[in-house]
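Student:
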Amino acid sequence: MSQEINNETSQLNGTPASDPAQTKKREDYLEWPEYFMAVAFLSAQRSKDPSSQVGACIVNQENKIVGIGYNGMPNGCDDDLLPWARSADDRLDTKYPYVCHAELNAIMNKNSADVKGCSMYVALFPCNECAKLIIQAGETPTHTQMTTHADDPTHTSRYKGRDLFVRQVPRHP
């Protein structure tokens, strides 16, 4: 009986401890950029926006998460009363004047004194307003997988004398 228990406890993920493959570490684990991008995509799932779910994750130089956020209405605002439409005759009847972007929320939700020198992982290419926020907060570089809007002049990440250094993170197979 004790041999049976011993065999059961010596297994990891269904592989016997005596298996030579278990003497090496796994090779198919997520690298840090892929992990943080996955956290950004997971955060995006909290968004109530019916058309765009965006998440952001801020990471310090020690690979510790110091802030996360997703796009949504401002704190204290009833998201059942505010509009979620992408277009309307009156711009005030769309979501655009009200929704806070994931990058802004990640910066506001930070759990450290500041985010200088940190990196941001975001599920969508930053708009020009978020690019300014990221630069002002002292974050660089910014990582993304989605390059949607990358060629749109209103979603530029370049400012005279300052490059936001947007890098694309490959998807994990």
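Here the UniProt record's numbering is used: the first residue of the sequence shown is 1, the next is one more, and so on. Built from N, CA and C at the ideal position, the CB exists for glycine as well.
1) Please go through the same chain and pick out, in chain order, the residues whose beta-carbon is closer than 6 Å to the beta-carbon of S43, but skip the five residues on each side of it.
2) Select from L82, K116, E139 the residue whose C-alpha is nearest the C-alpha of D49.
3) If you drop the 5 nearest sequence neighbours on each side, which residues of the same chain put their C-beta closer than 7 Å to that of I134?
4) At a cut-off of 7 Å, is N75 close to the ligand COA when judged by its beta-carbon and the heavy atoms of the ligand?
5) In the DSSP assignment, what residue or residues form a beta bridge with A56?
6) Count the C-beta pairs between the region 87-100 and the region 57-67 that are closer than 8 Å, then say yes if the count reaches three, no if not.
7) Who are the Cβ neighbours of G72 in its own chain at under 8 Å, not counting the five residues just before and after it?
8) For A40, report the span of its alpha helix (DSSP H) as first-last.
9) Thinking just about the alpha-carbon of each residue, which of G138, D28, S51, K25 is nearest to the one in W84?
10) What separation, rounded to the nearest whole angstrom, lies between the Cα atoms of D114 and E27?
Tutor: According to the structure shown:
1) In the sequence shown, residue 43 corresponds to position 43, counting from 1. Here S43 has G55, I68, Y70 as same chain residues with Cβ atoms under 6 Å from its own Cβ, once five neighbours each way along the sequence are excluded.
2) Your numbering for residue 49 matches position 49 in the sequence shown. Minimum Cα distance to D49 is reached at L82.
3) Residue mapping note: residue 134 aligns to position 134 of the sequence shown, counting from 1. Same-chain partners within the cutoff: E103, M120, P126, T142, L164.
4) What this structure holds is no ligand at all, so the ligand COA is not there to describe.
5) Residue mapping note: residue 56 aligns to position 56 of the sequence shown, counting from 1. A56 pairs with G69, V122.
6) no
7) Position 72 of the sequence shown, counted from the start, is the residue given in the question as residue 72. These residues qualify, in order along the chain: R46, S47, K48, D49, D79, V99, C100, N105.
8) For the purposes of this step, residue 40 is taken as the residue at position 40 of the sequence shown. 32-44 is the span of the alpha helix (DSSP H), which, as asked, contains A40.
9) Reading the sequence shown from its first residue, position 84 is the one you call residue 84. It is S51.
10) Stepping through the sequence shown from its first residue, residue 114 is reached at position 114. Stepping through the sequence shown from its first residue, residue 27 is reached at position 27. Their backbone Cα atoms lie some 35 Å apart in a straight line.
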